[in-house]
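Structure record follows, encoded as structure tokens.
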Amino acid sequence: MIAAAAPIRAKRVLPGFTLSLGTTLLYLTVVILIPVLALILKGAEIGPARFWAIVTAPRAVAAFQVTITAAVIATVFNAVYGLLMAWVLVRYEFPGKRLLDALMDIPFALPTAVAGLSLTALFSANGWIGAWLEPQGISVVYTIWGIALAMAFTSVPFVVRTVQPVLEDLDPAYEQAARTLGASEVTIFTRVIFPQILPAWLAGCTIAFARSLGEFGAIVFIAGNLPMKTEIAALLAFIRLEEFDYNGASAIALVLLVFALVLLFVSNRLQAWAMRHKGV
Amino acid sequence: MQAATFNPTQTSLVPRLLIGLAVALTLLIVVAPLVYIFARAFGEGWRVYAENLLNPATLHAVWLTTITALIVVPVNIAFGISAAWVVARFRFPGRSLLVTAIEIPFSISPIIAGICYLLLYGRQGLLGPWLADNDLQVMFALPGIVLVTMFVTAPFVAREVLPLMQAQGSDQEQAAVTLGASGWQVFRRVTLPNIKWALLYGAVLCTARAVGEFGGVSVVSGNIRGQTNTLPLHVELLFNDLNATGAFAAASVLTLLALVALVAKTVLEARKAR
Numbered sequence: 003m004i005a006a007a008a009p010i011r012a013k014r015v016l017p018g019f020t021l022s023l024g025t026t027l028l029y030l031t032v033v034i035l036i037p038v039l040a041l042i043l044k045g046a047e048i049g050p051a052r053f054w055a056i057v058t059a060p061r062a063v064a065a066f067q068v069t070i071t072a073a074v075i076a077t078v079f080n081a082v083y084g085l086l087m088a089w090v091l092v093r094y095e096f097p098g099k100r101l102l103d104a105l106m107d108i109p110f111a112l113p114t115a116v117a118g119l120s121l122t123a124l125f126s127a128n129g130w131i132g133a134w135l136e137p138q139g140i141s142v143v144y145t146i147w148g149i150a151l152a153m154a155f156t157s158v159p160f161v162v163r164t165v166q167p168v169l170e171d172l173d174p175a176y177e178q179a180a181r182t183l184g185a186s187e188v189t190i191f192t193r194v195i196f197p198q199i200l201p202a203w204l205a206g207c208t209i210a211f212a213r214s215l216g217e218f219g220a221i222v223f224i225a226g227n228l229p230m231k232t233e234i235a236a237l238l239a240f241i242r243l244e245e246f247d248y249n250g251a252s253a254i255a256l257v258l259l260v261f262a263l264v265l266l267f268v269s270n271r272l273q274a275w276a277m278r279h280k281g282v
Numbered sequence: 385m386q387a388a389t390f391n392p393t394q395t396s397l398v399p400r401l402l403i404g405l406a407v408a409l410t411l412l413i414v415v416a417p418l419v420y421i422f423a424r425a426f427g428e429g430w431r432v433y434a435e436n437l438l439n440p441a442t443l444h445a446v447w448l449t450t451i452t453a454l455i456v457v458p459v460n461i462a463f464g465i466s467a468a469w470v471v472a473r474f475r476f477p478g479r480s481l482l483v484t485a486i487e488i489p490f491s492i493s494p495i496i497a498g499i500c501y502l503l504l505y506g507r508q509g510l511l512g513p514w515l516a517d518n519d520l521q522v523m524f525a526l527p528g529i530v531l532v533t534m535f536v537t538a539p540f541v542a543r544e545v546l547p548l549m550q551a552q553g554s555d556q557e558q559a560a561v562t563l564g565a566s567g568w569q570v571f572r573r574v575t576l577p578n579i580k581w582a583l584l585y586g587a588v589l590c591t592a593r594a595v596g597e598f599g600g601v602s603v604v605s606g607n608i609r610g611q612t613n614t615l616p617l618h619v620e621l622l623f624n625d626l627n628a629t630g631a632f633a634a635a636s637v638l639t640l641l642a643l644v645a646l647v648a649k650t651v652l653e654a655r656k657a658r
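Chains as they are written, first to last, in the numbering used here: chain V, 3 to 282; chain S, 385 to 658.
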């Protein structure tokens, strides 16, 4: 960390404090804070009784259930797949490793609408993968599994990229000590390595889960968007807007906003825990 | 790096199984969708592909997306530098709150961002009556698209530049000031050369995100065909028109851009590491 003395001296010497603080605050206020405030004001205007009625209406409850269930499925899958990817990319040497590493950035780089379009076509009955799954009686497109698939695609890098650096920085001494003492590889992983990467892994999963709850672009293509069945919360808010029901849209959006902020808080705490873990 | 090569017991079956599983899953989940886009876009031949791309509505969408990125990315760079400078170089009350505020768009769904903007600038919104009186159109027009894209991309440059500036410290800049350099000279001659790769890296990520933004833009654009349709929205529109090949052709442009961004990112990461 930077010594406390340097910045204090910097405050006297370096120019541009007022300009940069002013620009930053102006931008944050205009672009982020005022719009978010507009949503919160709208929520206050609706009033608690109507707010409650909106978010507990059967269609809204079903939408929240679908969203959360699919996000849980996606996160559980990514918890395993992401950990596997991080492990393989850090621990093993093999041809094509750097390419595999780069591929993990594709879900970040690819526009979500493009991902949604491609996954939908790929898993539908005449797509490469769907043509092979449908005869087995497995439908992905227009089911909750499709929603979970779209969520998993868009959020897997969060797990990989959170666990990877921690795994890279692990002190090999503990592992070597355990090995010298005769521990098996499985024991070394579960008793020595896993506890050290646990905070980062949980933080990555939390971020992935938060991202899944808010995902929209990839899902609208694959979900089929059937009310009460495969309609996610973000889409319901969108539909309410198109019906000019701004109260309905705002209430659902506020619930999603609170979810997002709580999860942001949790993942920040987990990351702080991970940092402390690293320091020990 | 403590590679598994140290480890004689794992050179056999387990690593091979794990690597195989990781590669298989990635092929299925990440590579297949990527390849499929091009397979479908070119599925009816080059001629159809070209016709799809040269369709006026598609060209307009490409143009609108380009304009949006050309406005958003430079503004975002200016904001990112300014935010990184004030956070990395000064101590002041509320500093950590400021850092959190910069990160907010990362955790908020773009759909929510779009709704926020509609509640502010829409006809029923807080500023709606005033905008109508002055004959200003923000929603369902370019300004709304630009604003919401600014919201979702706000953290991209700042979060790349800030940690680097913090790690580098301010010794060089202080020396320059002591030697009589003006603020602008310090920035141009000392700060900018030091952060240029991180800055470019952030700009690449910001561009990719700006070009691909879907949820927020779909709320504020109104989806007016040939007018406020950005390229990602146009993909959805073609898909809903049951013109899958056209949708894949438009998507292939976005995919190419994403791949270019990834290559640029990899190159810049290597530069940044030096």
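Quick reminder that beta carbons are idealized off the backbone N, C-alpha and C, glycines included. Since the model is a prediction, treat every value here as computed from it, not as a measurement.
Can you pull the chain V neighbours of residue 531 of chain S, defined as C-beta to C-beta under 9 Å?
Here residue 531 of chain S corresponds to residue number 147 of the second sequence, with the count starting at 1. Within chain V, the residues near residue 531 of chain S are 32, 33 and 37.
Along the stretch 634 to 655 of chain S, where does the CB come closer than 8 Å to a CB of chain V? Name the residues. 635, 638, 639, 642, 643, 645, 646, 649 and 650
query = When the cut-off is 8 Å and only beta carbons count, does residue 50 of chain V lie next to chain S?
reply = Reading the first sequence from its first residue, position 48 is the one you call residue 50 of chain V. Answer no: the Cβ-Cβ gap between residue 50 of chain V and chain S never drops below 8 Å.
Are any of the Cβ atoms in chain V nearer than 8 Å to that of residue 586 of chain S?
-> Translated into the one-based positions of the second sequence, residue 586 of chain S becomes position 202. It does not; no Cβ of chain V falls within 8 Å.
- Task: Kindly indicate which residue of V/109, V/200 and V/251 has the alpha-carbon position closest to the one of residue 45 of chain V.
- Result: On the first sequence, position 43 is the one that residue 45 of chain V refers to. Looking at the Cα atoms, V/251 is the closest of the given residues.
Q.
Let me confirm a value: residue 50 of chain V is counted as buried when at least 16 other C-beta atoms fall within 10 Å, else exposed. Which label applies?
A. The residue you call residue 50 of chain V lines up with position 48 of the first sequence. With fewer than 16 Cβ atoms within 10 Å of its Cβ, residue 50 of chain V is classed as exposed.
Can you find a CB in chain V that lies within less than 8 Å of the CB of residue 428 of chain S? On the second sequence, residue 428 of chain S is found 44 positions in, with the first residue counted as 1. Output row for residue 428 of chain S: interface = no.
Considering only C-alpha positions, which residue in the set S/615, S/624, S/609 and S/591 is nearest to residue 456 of chain S?
Looking up residue 456 of chain S in the second sequence gives position 72. Among S/615, S/624, S/609 and S/591, the Cα nearest to that of residue 456 of chain S belongs to S/591.
| task | Please decide whether residue 155 of chain V counts as near chain S, where near means a Cβ-Cβ distance under 8 Å. | result | The sequence position of residue 155 of chain V within the first sequence is 153, counting from 1. Answer yes: the Cβ-Cβ gap between residue 155 of chain V and chain S drops below 8 Å somewhere.
- Mind pulling the chain S residues with CB within less than 7 Å of residue 117 of chain V? For the purposes of this step, residue 117 of chain V is taken as residue 115 along the first sequence, with counting starting at 1. Going along chain S in sequence order, the residues near residue 117 of chain V (Cβ under 7 Å) are 417.
Report task. Compare the beta carbon distance of residue 238 of chain V and residue 254 of chain V with 8 Å and say whether it is the shorter of the two. Result -> Residue 238 of chain V sits at position 236 when you count from the first residue of the first sequence. Residue 254 of chain V sits at position 252 when you count from the first residue of the first sequence. Yes.
Original post:
Hey, residue 416 of chain S and residue 131 of chain V: beta-carbon distance below 8 Å or not?
Top reply: Mapped onto the second sequence, residue 416 of chain S falls at position 32. Mapped onto the first sequence, residue 131 of chain V falls at position 129. Going by C-beta atoms, residue 416 of chain S is nearer than 8 Å to residue 131 of chain V.
Could you tell me which whole alpha helix (DSSP H) segments of length 4 or greater appear in the stretch 424 to 457 of chain S? 429 to 438
- Message: Looking at the secondary structure, which residues open and close the alpha helix (DSSP H) in which residue 231 of chain V lies?
- Response: By 1-based counting over the first sequence, the position of residue 231 of chain V is 229. Taken as a continuous stretch (DSSP letters only), residue 231 of chain V belongs to no alpha helix (DSSP H), as it is neither H nor E.
Self-check item: Meets three-Cβ-pair contact criterion under 8 Å: the stretch 118 to 125 of chain V and the stretch 427 to 442 of chain S
Solution: no
Where does residue 17 of chain V sit, in a helix, a strand or coil, going by DSSP? Numbered from 1 along the first sequence, position 15 holds the residue referred to as residue 17 of chain V. In the structure shown, residue 17 of chain V sits in coil (DSSP, three-state: anything other than H, G, I, E or B).
Counting only Cβ pairs nearer than 7 Å, list the residues of chain V close to residue 450 of chain S. Walking along the second sequence from the start, residue 450 of chain S turns up at place 66. Within 7 Å Cβ-Cβ: nothing; residue 450 of chain S doesn't reach chain V, min ~14 Å.
task: Would you check if the distance between the CB atom of residue 634 of chain S and the CB atom of residue 644 of chain S is smaller than 8 Å?
output: Indexing the second sequence from 1 puts residue 634 of chain S at position 250. Indexing the second sequence from 1 puts residue 644 of chain S at position 260. Not a contact, by the Cβ cut-off of 8 Å.
Exercise for review: With 8 Å as the threshold, decide whether the Cβ of residue 469 of chain S is near any Cβ in chain V.
Suggested key: Within the second sequence, numbered from 1, the residue matching residue 469 of chain S stands at position 85. Chain V, which has a Cβ nearer than 8 Å to the Cβ of residue 469 of chain S, makes this yes.
* Span separating the alpha-carbon of residue 249 of chain V from that of residue 615 of chain S -> Taking the first sequence and counting its residues from 1, one reaches residue 249 of chain V at position 247. Taking the second sequence and counting its residues from 1, one reaches residue 615 of chain S at position 231. Computed Cα separation, rounded: 30 Å.
Q) If we cut at 8 Å on Cβ distances, does residue 277 of chain V have a partner in chain S? A) Within the first sequence, numbered from 1, the residue matching residue 277 of chain V stands at position 275. Residue 277 of chain V does not count as touching chain S.
Exercise. Excluding the 5 residues preceding and the 5 following residue 560 of chain S in the sequence, name in chain order all residues of the same chain whose CB lies nearer than 8 Å to its CB.
Key: To locate residue 560 of chain S, count along the second sequence from 1; it is residue 176. Cβ neighbours of residue 560 of chain S beyond the five flanking positions: 569, 570, 573 and 574.
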